[in-house]
Amino acid sequence: MSEHQTNRQISRLLRISAVAEGTTLLLLVFVGVPLKHGLGFSEVTRFLGPVHGLAFLTYIWAVINELSLSDQPRGWAFKAMLFSFVPGGTFWFFRRSIASAR
Numbered sequence: 459m460s461e462h463q464t465n466r467q468i469s470r471l472l473r474i475s476a477v478a479e480g481t482t483l484l485l486l487v488f489v490g491v492p493l494k495h496g497l498g499f500s501e502v503t504r505f506l507g508p509v510h511g512l513a514f515l516t517y518i519w520a521v522i523n524e525l526s527l528s529d530q531p532r533g534w535a536f537k538a539m540l541f542s543f544v545p546g547g548t549f550w551f552f553r554r555s556i557a558s559a560r
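The sequence shown begins at 459 in this note's numbering and counts up one residue at a time.
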């Protein structure tokens, strides 16, 4: 496997994990929490919590992996991790990163 193919796969992993992390956080915050506290239906958060935890850990691993295998600056990785705590932040950050790379 060439170096270009390896970098492209890592970037693909990062994009997929960013979408998974962002989607599960949005579902947890805007669906799970209101159902739990508004209607007393806590099963959704019991399911989505661990799913989001796995997605978050995968995303953080992918960011660190991308940082170590590419020429991304450390500030980029810090921002990528910081925006993962904001609902919808990963979507905004990566859209902005792609737009600035053009």
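Glycine residues also receive a C-beta, built at the ideal position from the N, C-alpha and C atoms.
Remember, it's a predicted structure, so these values are computed and weren't measured experimentally.
Separation of residue j from residue i, as counted between CA atoms
i, j, result
"F551", "A538", "7 angstroms"
"E501", "L493", "9 angstroms"
"G496", "L506", "17 angstroms"
"T516", "S528", "18 angstroms"
"S460", "S469", "Low per-residue confidence applies at S460: pLDDT is 49, beneath 50, and the placement is therefore not dependable, though the value from the model is reported in the following sentence. Going from the Cα of S460 to the Cα of S469 covers about 14 angstroms."
"G498", "L486", "15 angstroms"
"E479", "A535", "15 angstroms"
"T464", "V491", "For T464, the predicted structure reports a pLDDT of 47, less than 50, and the residue's modelled location is therefore unreliable. A value from the coordinates is still provided. Roughly 39 angstroms between the two C-alpha positions."
"L540", "G533", "10 angstroms"
"S555", "G546", "14 angstroms"
"V477", "R504", "21 angstroms"
"V544", "S558", "21 angstroms"
"S526", "R553", "22 angstroms"
Same chain, Cβ closer than 7 angstroms to residue i, five either side skipped, listed in chain order
i, result
"V489", "V502"
"S542", "E479, F514, Y517 and T548"
"T482", "L506, V509, H510 and A513"
Beta-carbon gap between residue i and residue j smaller than 8 angstroms
i, j, result
"A520", "L472", "yes"
Chain-order list of residues whose beta-carbon lies under 8 angstroms from that of residue i (same chain, five-residue window excluded)
i, result
"R530", "The amino acid occupying residue 530 in the given sequence is Gln; Arg does not appear at that position. So the qualifying residues of the chain are E524."
Neighbourhood of residue i by C-beta distance below 6 angstroms, restricted to the same chain and skipping five residues each side
i, result
"S475", "T516, Y517 and A520"
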